[in-house]
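Numbering (this note's numbering), first residue to last: 401 to 679.
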């Protein structure tokens, strides 16, 4: 674990953190491409299928209604807390996350740019009305009281594996405002990150003196493009991730280690405690 080299690279710089699922696995949240997940390949839900097919929507919400209570109960780990401490000390000038779990905010990080949105909110595809996910949970359970009796296993992004025969009878509530189709306010695979969000993230990279990628393989374009932009600007790029990443050829420094303890040691090496204030 080359924390000393990481601290040396970042000591005189103000940097942007780009985080992925690997920073949250130590909180217990499964990821799509981590070492353990590769043992059981999983296909994420596709945007087009969700929009077009009521059966796909029923499958999604039948799984989500079971996965949500445990998902929302997850807490930040040492990595999230260390990143917040580094931000409060002035080292981290921005946090761009590909995660939808709000653990950075729970740890006290400010101004987090949620590239792919958040599972904590639901939005209507017809009228755009927003609904709190906890409020929707109440509606889902009123319509499907039998769902709580299903056995399940938690999967990535608040999803859950449930018996196939349970899905056919699941009732998906409509938007309360207009009766339209509801969707979690996240970017599904096959959809695009909103342009204003992309521009905000690019602006953060433009203003940074270094980019630190944490817990992401950068396998998809939505995150990889920021490593490319940092490389074009000749910014130092540090990658902290278990396993290879798409941006490894661009990296100034590559650290193959868990995010939590590494970030805690980095915070101490840079002279700030790993515990943020007021979190």
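Positions of the beta carbon are idealized from the N, C-alpha and C atoms, including for glycine.
Pairing residue 655 with residue 636, the inter-Cα distance amounts to about 14 Å. In this structure residue 666 is in contact with residue 403, their Cβ atoms being roughly 6 Å apart against a cut-off of 8 Å.
Between the segment 640-653 and the segment 406-423, the count of C-beta pairs closer than 8 Å reaches three or more; the two stretches touch. Around the beta-carbon of residue 621, fewer than 16 other beta-carbon atoms lie within 10 Å, marking it exposed. Between residue 645 and residue 579, the alpha-carbon positions lie close to 43 Å from each other. Excluding residues up to 5 positions away in sequence, 418, 639 lie with their Cβ nearer than 6 Å to the Cβ of residue 613 in the same chain. Looking only at 424, 587, 634, the smallest Cα-Cα distance to residue 474 is reached by 424. Within the segment 492-535, the runs of alpha helix (DSSP H) at least 4 residues long that lie entirely inside it are, in chain order, 503-507.
For residue 449, the uninterrupted alpha helix (DSSP H) segment begins and ends at 447-452.
Shown here for residue 533: same chain residues with a beta carbon closer than 7 Å to its own, the five before and five after excluded, namely 468, 519, 520, 521, 522 in chain order.
Annotation: the continuous beta strand (DSSP E) that includes residue 417 extends over 415-419. Look at residue 562 here: in three-state DSSP terms it is coil, with no helix or strand label.
With 16 or more other Cβ atoms from the protein chains shown falling within 10 Å of its own Cβ, residue 658 counts as buried. Contact between residue 420 and residue 643 does not hold, since the beta-carbon distance rounds to 11 Å and is not under 8 Å. By the CB criterion at 7 Å, residue 589 and residue 488 fall outside the cutoff. Residue 639 has 613, 654 as its beta-bridge partners, per DSSP.
The beta-bridge partner set that DSSP reports for residue 584 consists of 522. In the DSSP assignment, residue 623 falls within the unbroken alpha helix (DSSP H) covering 621-632. The beta carbons of residue 600 and residue 513 sit closer together than 7 Å.
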